[in-house]
Amino acid sequence: MEIRVRNVSKFYYSEGKRIEALVDVNLVIPSNRIFTLLGPSGCGKTTLLRCIVGLESPDSGEIAIGDEVVFSAEKGIFVPPDRRGLGMVFQTYAIWPHMNVFDNVAYPLQARNERQEEIARKVARALHFVQLDGFEKRPATKLSGGQQQRVALARALVAEPKVILFDEPLSNLDAKLREETRKELRRFLTELRITAVYVTHDQIEALALSDDIAVMRNGRIVETGTPREIYFDSDRQFVADFIGHANFIPGTVAATGESGTRVDSAIGPIACAKKTGAAPGQAVTVCIRPEFIHVHTDGRGDGENVFRGKVESLVFVGDACEGEIRIGETVLLFRIDPTAAVREGEEIALQFDPRHCTILMS
Ligand code: ATP
């Protein structure tokens, strides 16, 4: 079921000040995809989700779910949440502590007065789907965090919603469980072929889980694309900076041609293979992610885009060492194999892959 959000704005008023939670948001969430709203705290993700669910009423604009307009400021339409056919999973598991697993999952069906055999059949199917067969009688409080989250998911699924919405559902889990649950969730949702809208401020979670991502900032959508498009191709500094680590090097376009663009910068000329619309003389910023920088530990290295400097810091993070190198006044981030023979204070050379040097226009 497709969701269309058209010109939606929502303002709050607090202590005499107007807070622009959503400003003229336009978005199409395609059917049967996992669509993530990603952005820093306070950018409006939850407000947008609540407007789609019907827990908030926007100040202007229109929202349609499939063929049905569920909100229109102009036409005075507001379909209440329980008639929008949506399921929701929150950050707090919101399962009933005094009920066992079966009763928790059966709750939406009991509320609809469905027949008992029908309820038993649907609950069994939902529990099987989240791999909790045999847990029916277990009190909800005697489950791990990950299991509780799966009960919440089963309860959302059992009602057979057209769309399911998630608000940071994994943020209370520890890192390892989060990763496992994320993988499971992607599998469930892909198998179900259901439209899922997912809110998170965690970039890794968004990249790993989503089919599409909309990056939000200050109540606005700044970019929409697949995880790869957002990660590799964004030409906006906010997006590149927010997602993963990146180096930003200011410079001026020196030459453009078929083979790419050369940018003069404080660390020297940088060859960028990607074509851009930038003209010679234009001020730009070159963005290069640490994983596309090759480190020559002997301080040498031939060819283009080789820059020498001194290692300022080096931090072991398990699967890699993350370092900073100073080249004149510029400090750049790099990553290196944790077993590599590099120490703080040593001279090394970095080589940028021109195919991954992105030019951001100011
Ligand atoms: P987080 O990741 O921290 O949950 P978010 O991106 O979901 O943030 P929202 O909760 O949508 O952000 O909030 C958007 C803006 O609206 C923020 O500036 C927030 O302080 C403000 N806001 C949200 N709800 C209210 C409210 N009920 N009254 C006043 N201001 C609000």
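For the sequence shown, the numbering used here assigns the number -1 to the initial residue and increments by one for each residue that follows.
Virtual Cβ for every residue (Gly too), placed ideally from N, Cα, C.
Please read these numbers as outputs of a predicted model, since none were measured by experiment.
Burial state of residue i, where buried means 16 or more other Cβ atoms lie within 10 Å
i: I202; result: exposed
i: Y11; result: exposed
i: S208; result: buried
i: L130; result: buried
i: K15; result: exposed
i: Q114; result: exposed
i: R191; result: exposed
i: Q108; result: exposed
i: V313; result: exposed
i: L53; result: exposed
i: T139; result: exposed
i: A277; result: exposed
i: R180; result: buried
i: T337; result: exposed
i: K8; result: buried
i: K43; result: buried
i: A154; result: buried
i: N111; result: exposed
i: P137; result: exposed
i: V251; result: buried
First and last residue of the uninterrupted alpha helix (DSSP H) at residue i
i: Y196; result: Premise fails: Y196 lies in the beta strand (DSSP E), 193 to 198, not in any alpha helix (DSSP H).
i: Y11; result: Looking at the DSSP string, Y11 is not in any alpha helix (DSSP H); the run it does join, the beta strand (DSSP E), is 1 to 12.
i: F127; result: 114 to 127
i: E178; result: 173 to 190
i: A238; result: 235 to 240
i: F100; result: 99 to 109
Inter-residue Cα distance where the pair is residue i and residue j
i: L330; j: A269; result: 17 Å
i: M86; j: E342; result: 49 Å
i: L20; j: P38; result: 14 Å
i: Q147; j: H96; result: 16 Å
i: L47; j: E182; result: 22 Å
i: G266; j: N303; result: 8 Å
i: F186; j: E13; result: 44 Å
i: F164; j: A253; result: 47 Å
i: M359; j: T295; result: 32 Å
i: N24; j: R218; result: 9 Å
i: L141; j: L175; result: 14 Å
i: E158; j: D239; result: 38 Å
i: N98; j: F127; result: 18 Å
i: A264; j: A339; result: 28 Å
i: H362; j: D231; result: Nothing in the structure corresponds to residue 362, since the chain is present only between -1 and 360.
i: V156; j: A104; result: 8 Å
i: D262; j: G326; result: 15 Å
i: T274; j: R226; result: 19 Å
i: A152; j: P79; result: 19 Å
i: F290; j: R324; result: 18 Å
i: I206; j: V51; result: In the sequence as displayed, the identity of residue 206 is Ala instead of Ile. Between A206 and V51, the C-alpha separation is close to 24 Å.
i: S29; j: F305; result: 47 Å
i: G321; j: G299; result: 18 Å
i: G297; j: E345; result: 6 Å
i: R234; j: T34; result: 18 Å
i: A318; j: I334; result: 6 Å
i: V282; j: G255; result: 16 Å
One or two residues paired with residue i in a DSSP bridge
i: C41; result: For C41, which the question treats as bridged, DSSP gives no partner whatsoever.
i: M214; result: I219
i: V251; result: V261
i: S70; result: E60, I75
i: M359; result: V282
i: D165; result: V197
i: M86; result: L163
i: S246; result: Rather than Ser, the amino acid found at residue 246 in this sequence is Phe. C285, per the DSSP bridge assignment.
i: L331; result: E322
i: F350; result: I291
i: I268; result: V261
i: P137; result: N98
i: E203; result: Per DSSP, none; premise fails for E203.
Residue interval of the beta strand (DSSP E) (run including residue i)
i: K308; result: 304 to 314
i: R260; result: 258 to 263
i: N24; result: 15 to 27
i: G143; result: Premise fails: G143 lies in the alpha helix (DSSP H), 143 to 156, not in any beta strand (DSSP E).
i: I32; result: 32 to 36
Residue i vs residue j beta-carbon contact at 8 Å
i: R4; j: G59; result: yes
i: I61; j: V149; result: no
i: K160; j: G83; result: yes
i: I247; j: T356; result: no
i: V284; j: G249; result: yes
i: I32; j: A194; result: yes
i: V293; j: F350; result: no
i: V213; j: E166; result: no
i: G144; j: L125; result: no
i: R353; j: A271; result: yes
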